[in-house]
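Numbering (the working numbering), first residue to last: 1 to 150.
Glycine is no exception: its CB is placed at the ideal position from the N, C-alpha and C atoms.
Take a look at the structure set out below.
Next up, the structure:
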């Protein structure tokens with residue numbers, strides 16, 4: 001049994017996580033990555049675990065960036081630029097959170113915290129308050145950015 005985790009917007013995002021449930025027979029290990037390639041995706045194979053690989057990494061990075069804003073380490077744009085320039089990310093974690101939606105990212109973080117435990121998944125008050133106040137990012141302005149000016 002396998003699952004496919006596509007990324008939005010599907011027609012633009014290249015990554016496809018091929019999720020294996022249990023052991024994948026050796027004869028089938030290369031089938032799904034080949035299918036992914038045929039539909040224009042690049043795939044990675046991951047275990048069926050909460051958050052797979054992408055969401056676990058992305059959410060913990062985003063949550064830490066939010067903690068840094070709350071602790072006044074730097075402004076959101078500077079935190080994002082640090083990841084863009086220092087780690088060659090196409091966009092920073094706070095801009096990504098605004099694009100995906102703060103409510104969506106909050107739901108994922110809460111799910112990961114419930115399933116995996118650990119302080120790295122703990123959602124801080126400012127993030128929860130932003131969502132409660134309807135500050136959901138690009139689709140419901142503002143989030144970490146004012147999109148009418150971005």
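With H, G and I counted as helix, E and B as strand and the rest as coil, what does DSSP make of residue i?
| i | result |
| --- | --- |
| residue 57 | helix |
| residue 39 | coil |
| residue 75 | coil |
| residue 45 | strand |
| residue 150 | With a pLDDT of 48 at residue 150, under the threshold of 50, the modelled position of that residue is not reliable, and the figure given next carries that caveat. The answer is coil: DSSP assigns residue 150 none of H, G, I, E or B. |
| residue 19 | strand |
| residue 2 | strand |
| residue 91 | coil |
| residue 127 | helix |
| residue 9 | coil |
| residue 33 | helix |
| residue 132 | helix |
| residue 51 | coil |
Rounded to the nearest angstrom, how far is the Cβ of residue i from that of residue j, given a contact under 8 Å?
| i | j | result |
| --- | --- | --- |
| residue 137 | residue 98 | 4 Å |
| residue 15 | residue 42 | 6 Å |
| residue 139 | residue 148 | With a Cβ gap of about 13 Å, residue 139 and residue 148 do not count as contacting. |
Please confirm whether residue i and residue j have their CB atoms less than 9 Å apart.
| i | j | result |
| --- | --- | --- |
| residue 108 | residue 51 | yes |
| residue 73 | residue 8 | no |
| residue 53 | residue 94 | no |
| residue 19 | residue 2 | yes |
| residue 69 | residue 102 | no |
| residue 106 | residue 128 | yes |
Identify which residue in the options has its Cα closest to the Cα of residue i.
| i | options | result |
| --- | --- | --- |
| residue 123 | 92, 82, 60, 147 | 60 |
| residue 63 | 48, 49, 79 | 79 |
| residue 40 | 95, 96, 6 | 6 |
| residue 75 | 87, 88, 92 | 92 |
| residue 116 | 131, 10, 56, 21 | 56 |
| residue 146 | 67, 44, 77 | 77 |
| residue 49 | 113, 58, 21 | 21 |
| residue 47 | 58, 17, 71, 129 | 17 |
Name the DSSP bridge partner or partners of residue i?
| i | result |
| --- | --- |
| residue 137 | 140 |
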